[in-house]
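Protein chains in written order, with the numbering used here: chain C, 115 to 339; chain X, 115 to 339.
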DNA sequence: TTGTGCCTCCCCCAAATGGGGGAGACGCGG
DNA sequence: CCGCGTCTCCCCCATTTGGGGGAGGCACAA
């Protein structure tokens, strides 16, 4: 079973390069090449590739939009690997949200590219190590990017952090008092301190902050309330 | 500059196997091997490795706890790759939260393992493709689990959903009124409906719900307020 | 036509919240 | 010893919030 591949890049030379590398593999076949986003959508509909190598920067329609459109409207078995020349930063999240299964830099060694294609065709996902790192950071809430948040966070005392955590659980002052075994008045004080130290207005904003800075994470609480 | 490596696995044969593969690389040196979690912590403190290959299942102290402890208490330059025999499922999130930079299956081909070590030593992260896929799913919010949430969500009218989105931005009723160009009284009505329909008590819980159900996502707003 | 649902706005009122003070107790370091 | 930060609790008070009603307009379907 050979893998049908579509290569999309506005630079013909780059396109040919990738295509040749992949076509050289016995179990891979480049069924089409496109130079623009709209062409890519066209080609994808016509050829139903297993894997699409997609550049981001392209005239007419960029790779991210093309990806989203292809994955939304067409078969869900197609996997997309986003290729980019530059430091993966702003585009990554858009790409992943668009449904990409891979995000690699163009300076990837040929054998790694081949491996990436096989991986995503197999249902896996392959990201540039930097991207993976950042994704983990997001998930674990440990990594920087939240640097500014972290600084704001450690303005809080230990107790105040506990209170913020409780706020992020959607608890009222009374409930916080009970879980921390302190008086309601004390909770009020702590909450006030949290708000003023973090420059927030109310507990709702505190909840937002808790999620954004990674103190609270999606999936850690049940919203049965 | 040669990479100093620590291999941790309770099975001596497996341990030796990985160690030999890595020691064979000219720029890598296995400085120690450990058979238990506590030994690993000891060895890490003594040898200060650049990269630790860590098995999960071990007597005395499992690899996840050992990882967390090492990364918490010791130098932050050490990178940990978690090795597991089994289908990566429950352990993944614990591993990432513990601070691991890698999560790979033991049946990884030797050259990939070597590449993984270089990648994490270089500041990147390397996950099994399956894990990466799942992480992306989490991030993109596409993954189900939110089924119950989705049901609750579509009890809301369009307008009410807009209001909930605004709530998730930490906006007050007055601000919501302005952004939606309606009266403050109307906002009150909508908020009340949102709360009662979703069975929530206050706007703080509404914010939590918005994040948990994927209506609001981390990184989509700046918490400058 | 007669609902029925949605959006809009109004009233009143009780409860929670947030801000401003102050104060006592404790521990830690100068 | 004294200051400083932290945790604990208290007071007063303005504002916000949330719940209970009601009501008009509008669109859409029975």
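The beta carbon of each residue, even a glycine, is placed where N, CA and C say it ideally should be.
All values reported here derive from a predicted model rather than from experimental measurement.
Query                                                                                                            : Result
Proximity winner among X:118, X:279 and X:247, relative to residue 191 (chain X) (alpha-carbon distances)        : X:118
Within chain C, partners of residue 237 (chain X) - CB distance below 9 Å                                        : 243, 244 and 247
Neighbour-count burial assignment, residue 271 (chain C), 16 or more Cβ in a 10 Å radius                         : exposed
Interface partners of residue 233 (chain C) on chain X, CB under 7 Å                                             : 243
Chain X within 9 Å of residue 389 (chain C), Cβ atoms only                                                       : The structure shown has nothing for residue 389 (chain C), since chain C only spans 115 to 339.
9 Å Cβ cutoff met for residue 323 (chain X) and residue 266 (chain X)                                            : yes
Assigned secondary structure, residue 251 (chain C) (DSSP; H/G/I helix, E/B strand, else coil)                   : helix
Beta-bridge partners of residue 146 (chain X), as assigned by DSSP                                               : X:120
Residue(s) in a DSSP beta bridge with residue 131 (chain X)                                                      : BP columns for residue 131 (chain X) are empty, so no partner.
9 Å Cβ cutoff met for residue 169 (chain C) and residue 122 (chain C)                                            : yes
Residue ranges of each beta strand (DSSP E) within the region 163-199 of chain C, 3 or longer                    : 165-169 and 193-198
Three-state secondary structure (DSSP) of residue 216 (chain X)                                                  : strand
Cutoff 8 Å; reference residue 181 (chain X); Cβ partners in own chain excluding five residues on either side     : 166, 168, 194, 196, 209, 212, 213 and 214
Contacts of residue 250 (chain X) in chain C (Cβ-Cβ under 7 Å)                                                   : 210 and 239
According to DSSP, residues forming a beta bridge with residue 240 (chain X)                                     : X:216
Rounded distance between the beta-carbons of residue 188 (chain X) and residue 158 (chain X), thought under 8 Å  : 6 Å
Cβ contact (3+ pairs, closer than 8 Å) linking the region 276-290 of chain C and the region 313-330 of chain C   : yes
Spatial distance of residue 133 (chain C) from residue 144 (chain C) (CA atoms)                                  : 6 Å
Same chain only: Cβ atoms within 6 Å of residue 185 (chain C), ignoring 5 sequence neighbours per side           : 213
Cβ-based contacts, 9 Å cut-off: residues of the region 276-292 of chain X near chain C                           : 281, 282, 283, 284, 285 and 286
Opening and closing residue of the alpha helix (DSSP H) in which residue 293 (chain C) lies                      : 287-294
Residues near residue 335 (chain C) in its chain [Cβ-Cβ closer than 7 Å; skip 5 each side]                       : 283
Where the alpha helix (DSSP H) through residue 270 (chain C) begins and ends                                     : Segment: none, residue 270 (chain C) is in no alpha helix (DSSP H) and carries neither H nor E.
Beta-carbon neighbours of residue 325 (chain X), restricted to chain C and to distances below 7 Å                : 325 and 332
Residue 100 (chain C) at chain X interface by Cβ criterion, 9 Å                                                  : This structure cannot settle anything about residue 100 (chain C), because the visible part of chain C is limited to 115 through 339.
Distance, residue 326 (chain C) Cα to residue 135 (chain X) Cα                                                   : 42 Å
Proximal residues to residue 154 (chain C) (C-beta, below 6 Å), its chain only, five neighbours per side dropped : 122, 148 and 180
Of the listed residues C:116, C:171, C:161 and C:320, nearest to residue 263 (chain C) (C-alpha basis)           : C:320
Chain C contact for residue 335 (chain X) (CB, 9 Å cutoff)                                                       : yes
Near-chain X residues of the region 117-150 of chain C - C-beta to any C-beta below 7 Å                          : none
Length of the line joining the Cα atoms of residue 273 (chain X) and residue 317 (chain X)                       : 16 Å
Neighbouring residues, chain X, relative to residue 317 (chain C) (Cβ below 7 Å)                                 : 318
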